[in-house]
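Sequence lines, in order, name chains A and B.
Once you know that position 307 of the first sequence is 373 in my numbering, the rest is easy, because the numbers rise by one and skip nothing.
Once you know that position 100 of the second sequence is 297 in my numbering, the rest is easy, because the numbers rise by one and skip nothing.
Idealized CB from N, CA, C, for every residue including glycine.
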Amino acid sequence: MSGHDHGDDGLSRRKVLECMTWAGTGVLWTVTGGVPRSLGIIDSAQAATAPGMTFLQISDSHVGFDKPANPNALGTLEEAVNKINAMPEKPSFMIHTGDITHLSKAAEFDNAERIISQTKLDVHYVPGEHDFIDEEVKLYRERYGRGTKGHGWYSFDAGGVHFIGLVNVVDLKGGGLGNLGAEQLAWLEDDLRGKSKSTPVVLFAHIPLWTVYPQWGWGTEDGARALDYVKGFGSVTVLNGHIHQVMQKVEGNVTFHTARSTAFPQPAPGAAPSPGPMKVEDAKLRAMLGVASINFKQGDQRLAIIDTPLQG
Amino acid sequence: MTKINRRDFGLVVAAAVLLPVATARADNDMEVHIDNFVFAPAELKVKVGTTVTWTNRDDIPHTIVSAGKFRSKTLDTDDKFSFTFTSAGDYKYFCSLHPHMTGMIKVE
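Shown next as structure tokens:
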């Protein structure tokens, strides 16, 4: 896959960086006529009317992260939770697309749970690679793995939509990208077998299932296999985290969406020497928290970052 | 191919100078740094008996994994991992959290 140039679609690099808030809150989705549709980041979404079922996505809380990019990741998670609690209409449930913790420590899981549980929402998790750090891998499974298959994949139905949580952070191979593995793919094929093609499907996983930027490992080696299984379905929404920025792509009947982190931003693909945490001026960016809305760019096969600030 | 920073270059020179007089001891111990999700140097040639020490200088944790050979704990910022190479061969390794990060130690 070739590199992406975001400079020629009317958005300067500076603008794109400006649009990336220091920490995200969550993305509100609504299901209307059986089709999930993003209403945007919580702040802007609150203004929109949300007919039908709504659900929320948050991601990459990195509880335990304390480096200069954000010395208090737990604090910004708490801010996100406060925004969620202030929503006039409670969403039906929440999806967390991984990296709940930074180092998979028991205290980090405990702290995350203590804050997130204040939403009093049912939360469906998938693990990020930070939640699956080798020697303590049991902590994620003990807390969130009940009733799941393999390394923690599962499906459930809500609001007429079939939701599938996938795990693509296990058995990663040197030089490779995210990985679902044969066992999970077989389960996915089986899980979808017999489902009416008019059933809307939401796939969610930590690392993007689509190839965003392989040079930084932003993609899933066998993600295309998973997408093959949902090809015939009328409405497919793919949600992920991992890259700490809003990105959206529409390809046929499949909408891909990545959410912001509640902890720290990461640079746009290729915009920095590495995908590491982006250090930005605290005061300035806190003021930008939640002022961006998300627009779809329909029918564009190219990768699109469309993130329109309401001010400035 | 690989970029060697001044400090690494100094080490390489020091090792080369010391080699003729101190081959029996592991005076040629080497370092690999992780900066910006990259192992530097990405490829390192060492003698049998050399201890290589990796230091994570990123704000994000990394690991050092060579399948079936060695595996570090997760290294947080400034954490180190050392491994002593007692037999010759090519040791490919990667970060199990960010598998696009790869490196190689050639032991001769």
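Span of the alpha helix (DSSP H) holding residue i?
i	result
residue 242(B)	Residue 242(B) -> not in any alpha helix (DSSP H); beta strand (DSSP E) instead, spanning 240–243.
residue 288(B)	It is not in any alpha helix (DSSP H) - residue 288(B) instead sits in the beta strand (DSSP E) that spans 286–291.
residue 174(A)	172–182
Does residue i come out as helix, strand or coil in the three-state DSSP assignment?
i	result
residue 94(A)	strand
residue 39(A)	This structure cannot speak to residue 39(A), because chain A is shown only from 67 to 378.
residue 357(A)	Only weak support is given to the placement of residue 357(A): the predicted model assigns it a pLDDT of 21, under 50, and the value that follows is read from those uncertain coordinates. It is coil, neither helix nor strand.
residue 108(A)	helix
residue 236(A)	coil
residue 138(A)	coil
residue 253(A)	helix
residue 282(A)	helix
residue 300(B)	strand
residue 294(A)	helix
residue 271(A)	coil
residue 325(A)	coil
residue 244(A)	strand
residue 149(A)	helix
residue 223(A)	strand
residue 303(A)	strand
residue 143(A)	helix
residue 187(A)	coil
residue 368(A)	In this prediction, residue 368(A) scores a pLDDT of 31, lower than 50, which makes its location untrustworthy; no coordinate-derived value is stated.
In angstroms, rounded to a whole number, what distance separates the CA positions of residue i and residue j?
i	j	result
residue 133(A)	residue 332(A)	14 Å
residue 254(B)	residue 312(A)	27 Å
residue 300(B)	residue 126(A)	27 Å
residue 228(A)	residue 287(A)	24 Å
residue 211(A)	residue 239(B)	37 Å
residue 278(A)	residue 235(B)	19 Å
residue 341(A)	residue 120(A)	32 Å
residue 217(A)	residue 257(A)	16 Å
residue 295(B)	residue 222(A)	30 Å
residue 261(B)	residue 229(B)	11 Å
residue 205(A)	residue 267(A)	29 Å
residue 148(A)	residue 92(A)	11 Å
residue 300(A)	residue 118(A)	19 Å
residue 208(A)	residue 124(A)	21 Å
residue 273(A)	residue 195(A)	9 Å
Nearest to residue i by alpha carbon, out of the options?
i	options	result
residue 183(A)	195(A), 203(A), 162(A)	162(A)
residue 247(B)	289(B), 290(B), 280(B), 292(B)	280(B)
residue 199(A)	174(A), 265(A), 186(A)	174(A)
residue 286(B)	228(B), 242(B), 233(B)	242(B)
residue 186(A)	246(A), 106(A), 151(A)	151(A)
residue 159(A)	177(A), 95(A), 289(A)	95(A)
residue 176(A)	148(A), 129(A), 216(A)	129(A)
residue 156(A)	325(A), 339(A), 122(A)	122(A)
residue 289(B)	277(B), 304(B), 278(B)	304(B)
residue 225(B)	231(B), 264(B), 244(B), 291(B)	244(B)
residue 145(A)	328(A), 346(A), 307(A)	328(A)
residue 248(A)	219(A), 343(A), 263(A), 135(A)	219(A)
residue 284(A)	308(A), 325(A), 170(A), 143(A)	308(A)
What first and last residue would you give for the beta strand (DSSP E) that runs through residue i?
i	result
residue 228(B)	227–232
residue 317(A)	313–317
residue 205(A)	Unbroken run through residue 205(A) is the alpha helix (DSSP H), 204–210; no beta strand (DSSP E).
residue 237(B)	235–237
residue 249(B)	248–253
residue 294(B)	Unbroken run through residue 294(B): none, as it is neither H nor E.
Given 7 Å as the limit, tell me if residue i has its C-beta closer than that to any heavy atom belonging to the ligand NAD.
i	result
residue 150(A)	Inclusion of the ligand NAD in the displayed structure is not the case, the ligand content being empty and no account of it being possible.
Can you give me, in chain order, the residues of the segment 224–248 of chain B that have a beta carbon less than 9 Å from any beta carbon in chain A? 232, 233, 234, 235: these are the residues of the segment 224–248 of chain B whose beta carbon lies less than 9 Å from some beta carbon of chain A, given in chain order.
To be precise: take each residue of the segment 272–286 of chain B, compare its Cβ to all Cβ atoms of chain A, and keep it if any distance is under 7 Å. Which residues remain? Those residues of the segment 272–286 of chain B that come within reach of chain A (Cβ to Cβ, closer than 7 Å) are 273, 274.
Residues from the segment 149–170 of chain A in contact with chain B, defined by Cβ distance under 7 Å: Taking 7 Å as the upper bound on Cβ-Cβ separation, chain B lies near residues 169 of the segment 149–170 of chain A.
Mind listing which residues of the segment 124–135 of chain A have their C-beta closer than 7 Å to chain B's C-betas, in chain order? Listed in chain order, the positions of the segment 124–135 of chain A with a beta carbon within less than 7 Å of a beta carbon of chain B are 133, 135.
Along the segment 210–239 of chain A, what residues have a CB closer than 7 Å to any CB found in chain B? For chain B, the residues of the segment 210–239 of chain A that bring a beta carbon within less than 7 Å of one of its beta carbons are 238, 239, in chain order.
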